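Take a look at the structure below.
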Amino acid sequence: MLVIVFTLALILWPCVIAGAAEPAPPALTIGLANQPIGDIALTESEAGSFTVPGQIVLKVPAGVTFSAAPDVTVVDGDLQIDASGVSTDTTPANEGLVLIKVKSSSNEPSVIKISGLKLTLDRTVPEGDILLKIGGSSLVESNIDTLFPNVNWVAKVVVARVVTPAPENTRATTVFKIGDPKYSVNGVEQTADAAPYLKDGRTYLPLRLAAKAAGIAEDNIIWNAGDRSVTLINGGSSVRLVIGSNIMILNNVPVTVDAAPEAVEPGRAMLPLRAVAQALGCNVQWDAATQTVTVN
Numbered sequence: 002m003l004v005i006v007f008t009l010a011l012i013l014w015p016c017v018i019a020g021a022a023e024p025a026p027p028a029l030t031i032g033l034a035n036q037p038i039g040d041i042a043l044t045e046s047e048a049g050s051f052t053v054p055g056q057i058v059l060k061v062p063a064g065v066t067f068s069a070a071p072d073v074t075v076v077d078g079d080l081q082i083d084a085s086g087v088s089t090d091t092t093p094a095n096e097g098l099v100l101i102k103v104k105s106s107s108n109e110p111s112v113i114k115i116s117g118l119k120l121t122l123d124r125t126v127p128e129g130d131i132l133l134k135i136g137g138s139s140l141v142e143s144n145i146d147t148l149f150p151n152v153n154w155v156a157k158v159v160v161a162r163v164v165t166p167a168p169e170n171t172r173a174t175t176v177f178k179i180g181d182p183k184y185s186v187n188g189v190e191q192t193a194d195a196a197p198y199l200k201d202g203r204t205y206l207p208l209r210l211a212a213k214a215a216g217i218a219e220d221n222i223i224w225n226a227g228d229r230s231v232t233l234i235n236g237g238s239s240v241r242l243v244i245g246s247n248i249m250i251l252n253n254v255p256v257t258v259d260a261a262p263e264a265v266e267p268g269r270a271m272l273p274l275r276a277v278a279q280a281l282g283c284n285v286q287w288d289a290a291t292q293t294v295t296v297n
């Protein structure tokens, strides 16, 4: 059996001088998106430790996902990675993954820096340490994972700790009128950057306006440009939608809806209001005479 050895060199919170005492990992809050953690540096103990073709995989526990793909660079040595192809994914158990492809092995020991890591925590995550596992087919050859073959975990590190819950999202009564960018929240008039419209009998709203109507806090709206998906977190519930797909992921369960999100010029995501609002426990009322929609 070929044994691949590498050294986990340094965890930065967000910056540590070599030799200095490592500070405590950051405190994160459940129910919030886009929470930054420290950078990670992976150092080869000898040249060629990362094999090719192969993949480096980072995984966090159930209920924790990566908000977006991080920046991955080789800061020392001649190892080559596919920096533009770094991606995120989730397992069926809602464990977040970062996937990094190794293009060619090194001739001199190399260091990979992973920065810009941000985590989204749903409300099922218990208080305590968040353990990040490091593995992948570029590090080991044994196959123990049926979803992502050749994944094993050769290192584990605490990257954060979970503390108190996030404040609850606020609810309000929001009224929209088809074709009019003006809307009201609890009777106070506001103006959106796009007007609601009807398509096949369904009301579409701009992404953030639809989320606001459903009482979603700004930090609980996660847009992934890579796969054109949006995740909305509301208390203990989460909804994930993908542009062009009528499959909505509600609390990790696929649900077929009768209207798919769509993109309109100039690159704006529009969501079918009723499907999203009802999934998050909101009441939607339609008044045909006035062409208005009320969300409670």
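Counting from 2, one number per residue, gives the positions in the sequence shown under our numbering. The beta carbon of each residue, even a glycine, is placed where N, CA and C say it ideally should be. Owing to the predicted nature of the structure, the values given are computational and were not obtained by experimental measurement.
- Listed in chain order, the non-local C-beta contacts of ILE179 below 6 Å within the same chain comprise PRO197, LEU199, GLN292, local neighbours out to five positions each way being set aside.
- Beta-bridge annotation (DSSP): SER116 is paired with ASP72.
- Spatial neighbours of LEU33 in its own chain (CB-CB distance under 7 Å, excluding positions within 5 residues in sequence) are listed in chain order as LEU122, ALA167, ASP220, ASN221.
- Secondary-structure assignment with DSSP links VAL176 through a beta bridge to SER185, THR295.
- CA-CA distance, ALA195 to VAL65, rounds to 33 Å.
- By the neighbour-count criterion, in which a residue is buried when 16 or more other Cβ atoms sit within 10 angstroms of its Cβ, ARG241 is buried.
- The beta carbon of ILE223 sits closer than 6 Å to those of ALA34, SER68, THR121, THR232, all from its chain and outside the five residues before and after it, given in chain order.
- In this structure, PRO37 is the residue among ASN297, PRO37, VAL296, ALA290 with its C-alpha nearest to the C-alpha of VAL163.
- Put simply, of ILE57, GLU47, GLU96 the residue whose alpha carbon is nearest the alpha carbon of ASN253 is GLU96.
- Between VAL53 and SER116 a beta carbon distance of about 23 Å is seen, past the 8 Å cut, so the two are scored as non-contacting.
- Residues ALA211, ALA214, ALA215, ASN284, VAL285, VAL296 of the same chain have their beta carbon placed closer than 8 Å to that of ALA278, with the five preceding and five following residues left out of the count.
- For the set PRO110, TRP154, LYS60, the Cα lying nearest the Cα of GLU47 is the one of PRO110.
- Distance between PRO62 and ILE234, taken at the CA atoms: about 17 Å.
- Looking at the DSSP output, VAL240 sits in a beta bridge with LEU233, LEU251.
- Taking the Cβ atoms as the reference, PRO26 lies roughly 5 Å from ALA161, within the contact range of under 8 Å.
- Contact annotation: ASN187 and THR174 have beta-carbon atoms nearer than 8 Å.
- For PRO37, DSSP records a beta bridge to LYS119.
- Secondary structure of ASN221 (DSSP, three-state): helix.
- Rounded to the nearest whole angstrom, the CA to CA distance from ASP130 to LEU59 is 16 Å.
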